[in-house]
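Visitor: Sharing a structure, written as structure tokens. Questions coming.
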Amino acid sequence: MSDSGFRIDNLDAFDALLRNAHKDLPDVVRRVLETLGEELLGKAKGQMKPMVDTGALWNSLQRGGKGGIWKYRGFAGAATLKVGSTVKHALYVHEGYRIKKDHWVPGVIDSSGKFRYQSGVKTGIMAKARTFKGIPFFEVAMQDIQAMAPRIIQD
25 MSDSGFRIDN LDAFDALLRN AHKDLPDVVR RVLETLGEEL LGKAKGQMKP MVDTGALWNS
85 LQRGGKGGIW KYRGFAGAAT LKVGSTVKHA LYVHEGYRIK KDHWVPGVID SSGKFRYQSG
145 VKTGIMAKAR TFKGIPFFEV AMQDIQAMAP RIIQD
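Numbering-wise, my numbering comes out as the position in the sequence shown, counting from 1, plus 24.
This is the structure we're talking about:
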């Protein structure tokens, strides 16, 4: 009578490898999400660069930046990373806005030639009624990230 079948050597080593991979998976997922988050914020800044100065909104779009959002949650088979900005005017820059009627805005022109709002001063500018088109910096950055994510995950 002959044996029919097959033999697998070192099955214990393979089992140990799988167990360790399972333990390491949460760290791997976190590192991948953090890499994607850093890329997303960098690309969002790149979308704004031509039109937004490097003030509060710009600085909030980095991990640990004042006014920035960076919240990782990992639990039983799921992980999320939420990134963004809590800066008050972020939504207006992203979505656009409309000035409905002309109005006076108190402020001063600084040494670099930029207008700076300053309550209570007698100088200022007349803000004319108009519409400002938004800069959808997160949507464009997210499209870029979705295209490059498979490459980042493989690395």
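Glycine residues also receive a C-beta, built at the ideal position from the N, C-alpha and C atoms.
Counting only the same chain and skipping the five closest in sequence on each side, list residues whose C-beta sits under 7 Å from that of Arg-54.
Guide: Around Arg-54: Tyr-96, Gly-98 and Ala-103.
Visitor: How about Gly-120 and Phe-156: do their beta carbons lie closer than 8 Å?
Guide: yes
Visitor: Out of Gly-148, Ser-136 and Ala-165, point me to the one whose CA is closest to His-127's CA.
Guide: Gly-148
Visitor: Taking the straight line between their C-alpha atoms, what separation do you get for Asp-51 and Leu-57?
Guide: 10 Å
Visitor: Quick one: grab the DSSP three-state call for Arg-55.
Guide: helix
Visitor: Do you know how far the Cα of Ala-173 is from the Cα of Pro-130?
Guide: 46 Å
Visitor: Mapping DSSP to helix, strand and coil, what is Ser-136?
Guide: coil
Visitor: Look at Gly-88 and Trp-94 and say whether their C-beta atoms are less than 8 Å apart.
Guide: Cβ distance < 8 Å, so Gly-88 and Trp-94 count as in contact.
Visitor: Where Ala-171 and Lys-47 are concerned, what is the direct C-alpha to C-alpha distance, given to the nearest angstrom?
Guide: 29 Å
Visitor: By Cβ distance below 8 Å, which residues in the same chain neighbour Ser-143 in space, the five residues on each side in sequence not counted?
Guide: Pro-130
Visitor: So, helix, strand or coil for Ala-102, using DSSP?
Guide: strand
Visitor: Strictly by DSSP, which residues pair up with Ile-123?
Guide: Arg-154
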